[in-house]
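Student:
In this note's numbering, the protein residues as written are 20 to 135.
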């Protein structure tokens with residue numbers, strides 16, 4: 020397993036987030052990005068999670084709503100990756116995948132697009 024401490028991992032996630040296209044992130048509203056060690060179930064097969072209501076499913080949404088969360092899980096990604104370059108690629112893919120859920124794109128469509 021690749022070794023990277025929580026602070027270094029979070030920094031890598033921020034760097035990858037900064038590299039995403041502006042048109043992908045500029046539309047995000049009331050979304051926070053969070054790094055956690057692993058999913059609540061303790062399994063290592065989930066790399067990320069979108070926790071919120073997709074843009075396409077929002078009715079009246081506005082002031083006072085709790086922010087949606089995009090969670091990136093450190094331990095599953097470290098377990099999956101052989102080196103830092105691979106980790107950067109997988110974090111990038113995970114961010115795109117979870118942001119796509121915010122925009123209402125489901126897993127089947129993401130797989131069709133090569134972001135599954």
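A virtual CB, placed ideally from N, CA and C, is assigned to each residue, including glycine.
The model shown is predicted, which means the values in this text are computed figures rather than measured ones.
Let's see if you can read the secondary structure: which residues bound the alpha helix (DSSP H) around residue 110?
Tutor: Sequence index remark: in the chain shown, residue 110 carries index 91 (1-based). It spans 103-121 - the alpha helix (DSSP H) in which residue 110 sits, taken as one unbroken run.
Student: Which residue wins for smallest C-alpha separation from residue 88, given the options 97, 78, 68 and 77?
Tutor: Numbered from 1 along the chain shown, position 69 holds the residue referred to as residue 88. Residue 88 has its Cα closest to that of 68, out of 97, 78, 68 and 77.
Student: Compare the C-alpha of residue 85 against each of 70, 97 and 91 and name the closest.
Tutor: Working through the chain shown from its first residue, we reach residue 85 at position 66. Comparing C-alpha distances from residue 85 to each of 70, 97 and 91 shows the shortest one belongs to 70.
Student: Does residue 90 come out as helix, strand or coil in the three-state DSSP assignment?
Tutor: The count along the chain shown starts at 1 and reaches residue 90 at position 71. In this structure, residue 90 counts as strand in the three-state DSSP scheme.
Student: Does residue 26 come out as helix, strand or coil in the three-state DSSP assignment?
Tutor: Taking the chain shown and counting its residues from 1, one reaches residue 26 at position 7. In this structure, residue 26 counts as helix in the three-state DSSP scheme.
Student: Once you ignore the five residues that flank residue 109 on each side, which residues in its own chain have a CB closer than 8 Å to its CB?
Tutor: As a first step, residue 109 must be located in the chain shown, where it is residue number 90. Taken in chain order, the residues that qualify are 66, 96, 99 and 100.
Student: Which residue marks the beginning of the beta strand (DSSP E) containing residue 18, and which one marks its end?
Tutor: With the chain represented from 20 up to 135, any question about residue 18 goes unanswered, as that position is not in the structure.
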